[in-house]
Amino acid sequence: DGARVLDPVLKGKIMSAEEAAALIPSGINVGMSGFTGAGYPKAVPLALARRIAAAHERGEPFKIGVWTGASTAPELDGALAKVDGIEMRLPYQSDPTCRERINAGQMDYIDIHLSHVAQFVWFGFLGHLHVAVVEVAAVLEGGRLLPSTSVGNNKTWLDQADKIIIEVNRHPSLGLEGMHDVYYGTRLPPHRQPIPLTHPSDRIGTPYLECDPSKIIAIVETDQPDRNTVFTPPDENSRLIAGHIIEFLTHEVKKGRLPENLLPLQSGVGNVANAVFAGLKESPFENLTAYTEVLQDGMLDLVACGKLSFASATALSLSHEAAATFNAKIDDFRKKIVLRPQEISNHPEIIRRLGIIAMNGMIEADIYGNVNSTHIMGSSIMNGIGGSGDFARNAYLSFFMTPSQAKGGAISCIVPMVSHVDHTEHDVQVIVTEQGLADLRGLAPKQRAKLVIEKCAHPHFRPALEDYYRRALRESPGRHTPHLLDEALSWHSRYLKTGMM
Ligand code: 0RQ
């Protein structure tokens, strides 16, 4: 009915998802909105998947490149992967069908730091962007757009794409108006200027996305909620990990290395991250702030109860219940939450300046503190590096956390050598498992190894790690980072052969 399309000329561009999908040809790159299941287009990708399936049935090739903010939902990644419609995917995904195709060698995937994506497109490093498909909450006069529940890379998609398809979703609250801050001051080197953001609550841009209305080729109306993220209540391991982190932060405040209200917090995706915020709710800390990419239930709860005075993010990732709370109290949340483009939420310059406390999940760490966040047994992708690298390298303090074992105790998450490296020993300051916390700051490799084994490994695997390290100390040709190269990855190969590390 065009209720959320306020521009009289653009009203004329309203059409069905099928008609809009027909405007997307095979072989092009499409920039889609969407970040951790929020603000992704909900109708055009599904219609496009049907179009691709029909082409394949006729024996015609049809594939596109899919670029996003981060992970999306079954209606986008899942649907397009199922019909084998994705030639190349970037920069972060968490869809089971995508994952299966990537790991079967049928789909290419480039895993890129989330802060790099927009600038790589501007630099021309990723090729041409032909079409943008972006969900918004309303189309205002003159092609100004009210962003939806994530900002992600939408500014760059709208600026860089030749043609634009807008999905205007009636579901998100119009109370979102004023919550976004889209920075239009980025430039290309050598013309870059400092980004004038010195506090998580600073507003340095405009509340709207802008685009050249003549590039809009279609507007599709939808009325659907975002994918509902399901959070399990914190389990025992998550509670223990959260407890170790809070005890450590308390100690750092006592030592004078952190202010009493800490420094802006960043936290990754998943249940452990969520549990840390549940733990912070019970902690004595007050007046906290967050400068992060994803705002999950745990963080929203801290904002609601007043413990967290301000949160900056690029996307919401809420359960059904939390989304309802968010909408009901949106006028209050708008004063305490800002959503920015991911090139700003994850910007190394700002992360370094604000002194972020970064807390991210990992798959495994080795005894020297190298961290694998992305690969299972060295060769299969799980999700992607996401923003963890943006934050880890530039943070004031960088935590990586995981339960000490996976797959019912068949796998040790502390290993002699990681099977893939995302975060090198230089970017990892604190490793936390339910067993304990290893503070690696200021330690040399051999000191790190002793501590990681003692504090973080599961007792079931600790003796084998101690044995490896002892023998490496004796037999390694170099004694700076002692390793037995023939044995360093034997834990992983043993698991692949026997199902047990
Ligand atoms: O698999 O469900 O099949 O059993 O890996 O493990 O313990 O549920 O952990 O949900 O916290 O995710 C690193 C993947 C952790 C996530 C990762 C298996 C385990 C299970 C998941 P199953 P858990 P979480 C901000 C920051 C990178 C991106 C990032 C991630 C599955 O945190 O994607 O940080 N991080 N972004 O069984 C083999 C091991 C294993 C293992 C766990 N050592 N070996 N399998 N698993 N450890 C957000 C964004 O950037 C968007």
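Residue numbers (full-length UniProt numbering): 3 to 503. Note that beta-carbon positions come from the ideal geometry of N, C-alpha and C, so glycine has one too. The model shown is predicted, which means the values in this text are computed figures rather than measured ones.
Cβ of residue 366 within 8 Å of any heavy atom in the ligand 0RQ? For the purposes of this step, residue 366 is identified with residue 364 of the sequence shown, where counting begins at 1. Remark: the shortest separation between the CB of residue 366 and any heavy atom of the ligand 0RQ falls under 8 Å.
In chain order, each beta strand (DSSP E) run of at least 3 residues that lies wholly inside the stretch 344 to 403: Scanning the stretch 344 to 403 for uninterrupted beta strand (DSSP E) segments of 3 residues or longer gives 359 to 363, 366 to 368, 399 to 403, listed from N- to C-terminal end.
When the Cα atoms are used, what is the spatial distance from residue 37 to residue 373? Here residue 37 corresponds to residue number 35 of the sequence shown, with the count starting at 1. Here residue 373 corresponds to residue number 371 of the sequence shown, with the count starting at 1. Those two C-alpha atoms are separated by around 24 Å.
Helix or strand or just coil, what does DSSP make of residue 165? Position 163 of the sequence shown, counted from the start, is the residue given in the question as residue 165. DSSP places residue 165 in strand when its eight states are reduced to three.
Sufficient close CB pairs (3 or more, under 8 Å) joining the stretch 4 to 18 to the stretch 162 to 181: Touching, yes, given that three or more Cβ pairs across the two stretches are closer than 8 Å.
Sequence-distant residues of the same chain with beta carbon closer than 8 Å to residue 189, five excluded per side: Residue mapping note: residue 189 aligns to position 187 of the sequence shown, counting from 1. Here residue 189 has 195 as same chain residues with Cβ atoms under 8 Å from its own Cβ, once five neighbours each way along the sequence are excluded.
Helix, strand or coil for residue 112, going by three-state DSSP, please let me know. In the sequence shown, counting from the first residue as 1, residue 112 sits at position 110. DSSP places residue 112 in coil when its eight states are reduced to three.
Looking at C-beta atoms only, is the number of pairs between the stretch 358 to 377 and the stretch 412 to 429 that lie closer than 8 Å three or more? Taking 8 Å as the limit for Cβ pairs, the verdict is that the stretch 412 to 429 does touch the stretch 358 to 377.
Between 323, 8, 326, 349, which lies nearest to residue 146 when the distance is taken from Cα to Cα? The residue given as residue 146 occupies position 144 in the sequence shown. Nearest of 323, 8, 326, 349 to residue 146, Cα basis: 8.
Just tell me which of 96, 143, 220 has its CA closest to the CA of residue 137. Taking the sequence shown and counting its residues from 1, one reaches residue 137 at position 135. Measuring from the Cα of residue 137, the nearest candidate turns out to be 220.
What did DSSP end up calling residue 301 once you bin it into helix, strand or coil? What you label residue 301 is simply residue 299 of the sequence shown in a count that begins at 1. In the three-state reduction of the DSSP assignment, residue 301 falls in the helix class.
Which complete beta strand (DSSP E) runs does the stretch 188 to 264 hold, if anything under 3 residues is left out? 218 to 224, all fully within the stretch 188 to 264.
Helix, strand or coil: which one does DSSP assign to residue 429? Position 427 of the sequence shown, counted from the start, is the residue given in the question as residue 429. Three-state DSSP puts residue 429 in a helix.
Using DSSP bridges, identify the partner residues of residue 518. No answer is possible for residue 518: it lies beyond the span of the chain, which begins at 3 and ends at 503.
Any contact between the stretch 87 to 97 and the stretch 107 to 114? By contact I mean 3 or more CB pairs, one from each, below 8 Å. With a cut-off of 8 Å on Cβ pairs, the stretch 87 to 97 is in contact with the stretch 107 to 114, counting three or more such pairs.
Would you say residue 329 and residue 309 are within 9 Å of each other, going by their C-beta atoms? As a working note, residue 329 is residue 327 in the sequence shown. As a working note, residue 309 is residue 307 in the sequence shown. No, the Cβ-Cβ distance between residue 329 and residue 309 is not below 9 Å.
Starting from the Cα of residue 444, find the closest Cα among 436, 438, 453 and give me that residue. Position 442 of the sequence shown, counted from the first residue, corresponds to residue 444. Looking only at 436, 438, 453, the smallest Cα-Cα distance to residue 444 is reached by 453.
Closer than 8 Å is the cut-off here; do at least three beta carbon pairs connect the stretch 29 to 44 with the stretch 316 to 333? The stretch 29 to 44, when compared against the stretch 316 to 333, does touch it at the 8 Å Cβ threshold.
Give me, in chain order, the residues of the same chain whose beta-carbon lies closer than 6 Å to that of residue 298; leave out the 5 immediate sequence neighbours on both sides. If you number the sequence shown from 1, residue 298 lands on position 296. Within the same chain, 276, 319 come within 6 Å of residue 298 by CB-CB distance, once the 5 residues on both sides are set aside.
Helix, strand or coil for residue 424, going by three-state DSSP, please let me know. Working through the sequence shown from its first residue, we reach residue 424 at position 422. Here residue 424 sits in coil by DSSP.
Return yes when the Cβ of residue 120 is within less than 9 Å of the Cβ of residue 268, no when it is not. Residue mapping note: residue 268 aligns to position 266 of the sequence shown, counting from 1. Residue mapping note: residue 120 aligns to position 118 of the sequence shown, counting from 1. In this structure, residue 120 does not lie closer than 9 Å to residue 268 by Cβ.
Please look up how many angstroms separate the CB atoms of residue 367 and residue 433, rounded, as I've assumed it's under 8 Å. As a position in the sequence shown, residue 367 is number 365, starting the count at 1. As a position in the sequence shown, residue 433 is number 431, starting the count at 1. Rounded to whole angstroms, the Cβ separation of residue 367 and residue 433 is 5 Å, and the two are in contact under 8 Å.
Distance check for residue 65 and residue 30, CA to CA, integer angstroms please. Along the sequence shown, one-based indexing puts residue 30 at 28. Along the sequence shown, one-based indexing puts residue 65 at 63. For the pair residue 30 and residue 65, the Cα-to-Cα distance works out to about 8 Å.
DSSP three-state assignment for residue 323, whether helix, strand or coil: Position 321 of the sequence shown holds residue 323. Helix at residue 323.
Would residue 471 be called buried (16 or more neighbouring beta carbons within 10 Å of its own) or exposed? As a first step, residue 471 is located in the sequence shown; it is residue number 469 there, counting from the start. Buried, since its Cβ has 16 or more Cβ neighbours within 10 Å.
With which residues is residue 140 paired in a DSSP beta bridge? Here residue 140 refers to the residue found at position 138 of the sequence shown. Beta-bridge pairing links residue 140 to 148.
For a test of your reading of the model: does the CB of residue 105 fall under 8 Å from any non-hydrogen atom of the ligand 0RQ? Yes or no. In the sequence shown, the residue the question calls residue 105 occupies position 103. If you check the C-beta of residue 105 against the ligand 0RQ, you find no heavy atom less than 8 Å away.
Can you tell which of 473, 133, 142 has its C-alpha closest to the C-alpha of residue 162? Residue mapping note: residue 162 aligns to position 160 of the sequence shown, counting from 1. Of the candidates 473, 133, 142, the one whose C-alpha sits nearest the C-alpha of residue 162 is 133.
Is residue 242 near the ligand 0RQ, with its Cβ less than 8 Å from a heavy atom? As a first step, residue 242 must be located in the sequence shown, where it is residue number 240. Checking the Cβ of residue 242 against the ligand 0RQ gives no.
Less than 9 Å between the beta carbons of residue 99 and residue 129, yes or no? Position 97 of the sequence shown, counted from the start, is the residue given in the question as residue 99. Position 127 of the sequence shown, counted from the start, is the residue given in the question as residue 129. Cβ atoms of residue 99 and residue 129: not closer than 9 Å.
Short of 7 Å in beta carbon distance, which residues of its chain neighbour residue 174, apart from the five on each side in sequence? Order them along the chain. Within the sequence shown, the letter at position 172 stands for residue 174. For residue 174, where only same-chain residues beyond five positions count, the Cβ hits under 7 Å are 139, 150, 151.
Less than 8 Å separating the Cβ of residue 114 from some heavy atom of the ligand 0RQ? On the sequence shown, position 112 is the one that residue 114 refers to. Flag unset: Cβ of residue 114 not near the ligand 0RQ.
Starting from residue 291, follow the beta strand (DSSP E) in both directions and report where the run begins and ends. Translated into positions along the sequence shown, residue 291 becomes position 289. Per DSSP, the unbroken beta strand (DSSP E) holding residue 291 starts and ends at 290 to 293.
Here's the rule: buried if 16 or more other CB atoms are within 10 angstroms of the residue's CB, otherwise exposed. What is residue 157? Within the sequence shown, the letter at position 155 stands for residue 157. Buried is the call here.
What does a CB cutoff of less than 7 Å around residue 103 pick up in its chain, not counting 5 residues either side in sequence? Within the sequence shown, residue 103 is the residue found at index 101, counting from 1. These residues qualify, in order along the chain: 83, 109.
Which same chain residues, not among the five before or five after residue 48, have their C-beta less than 6 Å away from its C-beta? For the purposes of this step, residue 48 is identified with residue 46 of the sequence shown, where counting begins at 1. Exclusion of the five residues before and after residue 48 leaves 77, 81 as the residues of its chain whose Cβ lies within less than 6 Å of its Cβ.
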